[in-house]
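Q:
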Amino acid sequence: MFDRLDDDTWFYPGHGDDSTLGAERPSIPEWRSRGW
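Mapping to our numbering: the sequence shown position 22 is 8, numbers consecutive.
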């Protein structure tokens, strides 16, 4: 998803706050370390 869509793309997870891919991109290394 992060490789195919722009950082300005909004997502609506169904729980928690809505966000953009660009705002969440810095979290990718942490997610990968957790196995997500």
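Beta carbons are placed, not taken as given, at the ideal position from N, Cα and C, and that holds for glycine. Computed from a predicted structure; not experimentally measured.
Select from 7, 3, 17 and 18 the residue whose C-alpha is nearest the C-alpha of residue -8.
A: Minimum Cα distance to residue -8 is reached at 7.
Q: For residue -12 and residue 14, which I take to be in contact (beta-carbon distance under 8 Å), what is that distance rounded to the nearest angstrom?
A: That belief holds up - the Cβ atoms of residue -12 and residue 14 are roughly 7 Å apart, short of 8 Å.
Q: Pick helix, strand or coil for residue 22, following the three-state DSSP scheme.
A: Residue 22 falls in the coil class under three-state DSSP.
Q: Let me check one thing: in DSSP terms, what residues is residue -5 bridge-paired to?
A: BP columns for residue -5 are empty, so no partner.
Q: Bridge partners for residue 13 per DSSP, in chain order?
A: Paired residue(s): none; residue 13 is not in a bridge.
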